[in-house]
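According to mature numbering (1 follows the signal peptide of the UniProt record, and there is no 0), the residues represented by the sequence shown are -6 to -1, 1 to 300, in order.
Virtual Cβ for every residue (Gly too), placed ideally from N, Cα, C.
The block underneath contains the structure these notes are about, expressed in structure tokens.
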Amino acid sequence: MSVASCGSGGGSGDGTITMGFSQVGAESGWRTANTKSVQDSAKEAGITLKFSDAQQKQENQIKAIRSYIQQKVDVIAFSPVVESGWDTVLKEAKDAKIPVILTDRSVDSKDTSLYKTFLGSDFVEEGRKAGTWLVEEYKSATDPVNIVELQGTTGSAPANDRKAGFAEIIGADPKFKVIASQTGDFTRAKGKEVMEAFLKSNPDIDVLYAHNDDMGLGAIEAIEGAGKVPGKDIKIITVDAVKDGMQALADGKINYIVECSPLLGPQLMDLAKKVVKGESVEARVVTEETTFTQEQAKTALPSRKY
Ligand code: GYE
């Protein structure tokens, strides 16, 4: 990658802010909407955006961040594909005096001075919301409830936290049994493939909990392929609430969706302007989110932006 910068403090040198952004990939509808939000908001905010797609690989993100450091961008923002293993590269950014903003996903670094703020959802809470709906839905059931879980990308914050929040809530009642739990990497194709395997080895699945809509949508194909009715024979809970997910919810194929907003761009640009100016910002900025039943999805769909 070429190094193009001039002026002190890096960036363009004319007062325009340059942001280096390392995106996870293009694995899901959520991610596509998130990328668009970041790109559109940078334009609106007059921020020059250097954007790279890591194709769900941490090593690509580390390379991108190093290149942004070399190019002396004014601020680095990234959505860490996994939680661990960031200390070295974040230390390099800190030593180069380039502020870092975590967006969407967090890191597990003990040294929180390595980044300025973390903007994104509360994934544990999302998992709790999914669990709470399930407990309510099955409140009068006395038989065991057999659940299969499609996890997000292994080691990612949303996979870890959505699993933990859900387990915390359903763990209070032993009738809820997670009989299989595996990663579907947040993609439709993997969601379908893993659900096919689940269906083969488990004849009696009551519920699917998928950590995102895309995996849930892939799983619906697998369920239909096995001659079962999604939303009826197997109840489905997902997270995100992207348009395709909401359509499946309105159509009765998904039963409940916990919203996770990808529209982080505007807040990210505001935070970037502040940290570049040296202003202090909140260490944690949590996105506001809701949940959708099938009826609510029908109402919300026409005005859904992503
Ligand atoms: O839920 C999933 C995406 O990090 C919140 O990543 C994000 C997750 C989102 O691939 O669809």
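- Message: Here's the rule: buried if 16 or more other CB atoms are within 10 angstroms of the residue's CB, otherwise exposed. What is Gly165?
- Response: exposed
- Task: Determine the closest residue to Gly159 out of Val269, Lys123, Ala27, with distance taken between C-alpha atoms.
- Result: Lys123
- Item | Where the alpha helix (DSSP H) through Leu262 begins and ends | 259 to 271
- Message: Is any non-hydrogen atom of the ligand GYE found closer than 6 Å to the C-beta of Asp116, if you look at the structure I gave you?
- Response: no
- Pull up the distance between the alpha-carbon of Asn140 and that of Asp198, whole angstroms please. 7 Å
- Item | Pairwise C-alpha distance: Val275 and Ile231 | 35 Å
- Message: Output needed for Gly246: all residues of its chain with C-beta closer than 7 Å, excluding positions within five of it in sequence on either side, in chain order.
- Response: Gly225, Gln288
- Have a look at Ser2 and Val67 and give me their C-alpha separation to the nearest angstrom. At Ser2 the pLDDT is 40, less than 50, meaning the model places this residue with poor confidence; the figure from the coordinates comes in the next sentence. Their backbone Cα atoms lie some 11 Å apart in a straight line.
- Look at the alpha carbon of Ala71 and the alpha carbon of Ala135, and state the distance between them as a whole number of angstroms. 47 Å
- Task: State the DSSP-derived secondary structure class of Val101, mapped to helix, strand or coil.
- Result: coil
- Message: Short of 6 Å in beta carbon distance, which residues of its chain neighbour Val101, apart from the five on each side in sequence? Order them along the chain.
- Response: Pro74, Glu77, Trp80
- Task: State the CB to CB distance for the pair residue 330 and Gly114, rounded to an integer number of angstroms; the pair is presumed to be in contact (CB under 8 Å).
- Result: Residue 330 is absent from the structure shown; the chain starts at -6 and stops at 300.
- Query: Going by the C-beta, is Arg298 closer than 6 Å to any heavy atom of the ligand GYE?
  - Reply: no
- Heavy atom of the ligand GYE less than 6 Å from the Cβ of Arg99, yes or no? yes
- Message: Counting beta carbon pairs with one atom in the stretch 143 to 162 and one in the stretch 177 to 187, are three or more of them shorter than 8 Å?
- Response: yes
- With distances taken from CA atoms, which of Phe117, Val94, Ala27 is nearest Arg60? Val94
- Query: Taking just the CA atoms, how far does Gly14 sit from Asp47?
  - Reply: 11 Å
- For Ile63 and Ala266, believed in contact at Cβ under 8 Å, the rounded distance: Their Cβ separation, rounded to whole angstroms, is 16 Å, which puts Ala266 and Ile63 out of contact at 8 Å.
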